[in-house]
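Per the working numbering, the sequence shown starts with residue 58, numbered consecutively.
For each residue, glycine too, the CB sits at the ideal point set by N, CA and C.
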Amino acid sequence: MSKAKRQIKLGAFLMETGHHIAAWRHPDAHLAGGLDFSHYAQLAQVAERSKFDAVFFADSVGIRDTNLASLSRTARADHFEPLTLLAALSVVTKNIGLIATVSTTFNEPFNVARKFASLDHLSGGRSGWNLVTSSSETEALNFGFEQHPAHAVRYERAREFHDVVAGLWDSWEDDSFIRDRESGIYFDPDKLHTLNHRGKHFKVRGPLNVARSPQGWPVVVQAGASDAGRELAAQTAEVIFVAHQTLDEAKAFYQDVKERLVKYGRQPDDLKIMPGIFPVIGRTHDEARAKFNALQHLIHPDVGLALLSKMTGGVDLSKYPVDGPLPDLPETNGGNCCLIWRGAKT
């Protein structure tokens, strides 16, 4: 028996001047790309012509790196807020999905539900929400916190946050709006539903003051690699982004997440898993390697050390010999970095 034909899903993860930390120093890079809309518009249009399914923008609500010596040597300090950028990109694209990262730790559900529903209408049903809990202590300091909320607390809040947003998206039925001049009836009140949510973290009455979006719900995306992140994805997500260092790790992750779907009444195909890659293109392997090496040579030592420190959960690596062994991984309240750390130690 032949299996149904499946089609690979492609997403373009766009950053200011490129993913490589030193890409902005390359002679061909757009130095001011972070705040140049035409730059992003061109990238999104190229991705659309290339039949990509979506463009994706990461985000943090603050500057994560407090080491100004290294930060000042990167292009990571200035960029658009992603929902604003995607609203503009919706005008210059037609079919490609538009995915923005928005934190559940430093936002309110009503605002998030309203913004994504609005983007879905503006784009004709192309919006997606990358649900994150934020991983940086410096972000917390921008919102009245003395320290970053604990990992378990953030994910507990995230689950309730998602449920409130989803409930608000269901405020209106598909055919709620009659807009009949003769009768004078604009919408059917029987098809408007007030949420009246009262939970541990949120009290939200509703309903949402945006009509049901073209998709019903915008696409929900997750990128958590921790156990709590996997569980949240199994409960709520349609897509999960992942990054693994080995094929065996990727297979184990895939199987684990797919198995978790069952207890939530979901089927394996309800959640798409999209592994991240960092392609360097050349006509030959040697040409591609030369391009990558050229980028690597542009990394200032302070930047490389700071980047590795961030990936370890904030370990101060300046205390260790540059050519010596890496220390053991500490417990961290930030994002899950174990996979990267294991890859760095081998």
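With a cutoff of 7 angstroms on beta-carbon distance, Ala101 and Val118 are scored as not near each other. Counting every other CB atom within 10 Å of its CB across the protein chains shown gives Glu316 a total below 16, marking it as exposed. As DSSP reads the structure, Phe167 sits in no beta bridge. The Cβ-Cβ distance between Phe109 and Leu176 does not fall below 7 angstroms. By the neighbour-count criterion, in which 16 or more other beta carbons inside 10 Å mark a residue as buried, Lys62 falls on the exposed side.
When only Cα atoms are considered, Ala174 and Lys329 end up about 22 angstroms apart. In the structure shown, the three-state DSSP call for His342 is helix. Closest option to Ala309, judged by alpha-carbon separation, among Trp226, Arg287 and Pro336: Arg287. Take Arg214, set aside five residues on each side of it, and the residues of its chain with a beta-carbon closer than 7 angstroms to its own are Thr161, Thr162 and His258, in chain order. The stretch 181-189 and the stretch 269-279 touch, with three or more beta-carbon pairs separated by less than 8 angstroms. Pairing Ala197 with His208 gives a Cβ-Cβ distance that is not under 7 angstroms. Burial is judged here by how many other beta carbons sit within 10 angstroms of a residue's own beta carbon; Asp122 has at least 16 and is buried. Following the DSSP letters along the chain, one finds Gly154 in no alpha helix (DSSP H) but inside the beta strand (DSSP E) bounded by residues Gly154 to Ser160. Cβ contact annotation for Pro358 (same chain, cutoff 7 angstroms, sequence separation greater than five): none. Arg171 has its alpha-carbon roughly 15 angstroms from the corresponding atom of Gly181. If you ignore the 5 residues before and after Gly256, its C-beta comes within less than 7 angstroms of the C-beta of Glu217, all in its own chain and listed in chain order.
For Gly361, there is no enclosing beta strand (DSSP E); the enclosing alpha helix (DSSP H) covers residues Pro358 to Met368. With respect to the 7 angstroms criterion, Ala268 and Trp229 are classified as neighbours on the basis of their beta carbons. Residue environment for Ser129: exposed (fewer than 16 other C-beta atoms within 10 angstroms of its C-beta). Cβ contact annotation for Gly154 (same chain, cutoff 6 angstroms, sequence separation greater than five): Asp110, Ala111, Arg183 and Gly185, in chain order. Put simply, the backbone Cα of His77 is about 41 angstroms away from that of Val261.
For Trp274, the three-state secondary structure derived from DSSP is coil. Between Ala86 and Ala79, the C-beta gap is not smaller than 7 angstroms, which leaves the two residues out of contact. Going by C-alpha positions, Gln324 is about 43 angstroms away from Asp373. For Trp186, the enclosing beta strand (DSSP E) covers residues Ser184 to Val189.
Gly68: member of the beta strand (DSSP E) spanning Gly68 to Phe70, first to last residue. Of all C-beta pairs linking the stretch 135-152 to the stretch 377-386, fewer than three are shorter than 8 angstroms, placing the two stretches out of contact.
Non-local beta-carbon contacts of Asp247 in its own chain, meaning distances under 6 angstroms to residues more than five positions away in sequence, are absent.
Residue nearest to Ala157 within the set Pro166, Asn164, Asn168 and Leu140 is Leu140 (criterion: CA-CA distance). Secondary structure of Asp326 (DSSP, three-state): helix. Gln292 carries a helical assignment under DSSP once its states are collapsed to helix, strand and coil.
For the options Met368, Leu362 and Leu383, the alpha carbon positioned closest to that of Ser127 is the one of Leu362. By the neighbour-count definition (other C-beta atoms within 10 Å, threshold 16), Phe200 is an exposed residue.
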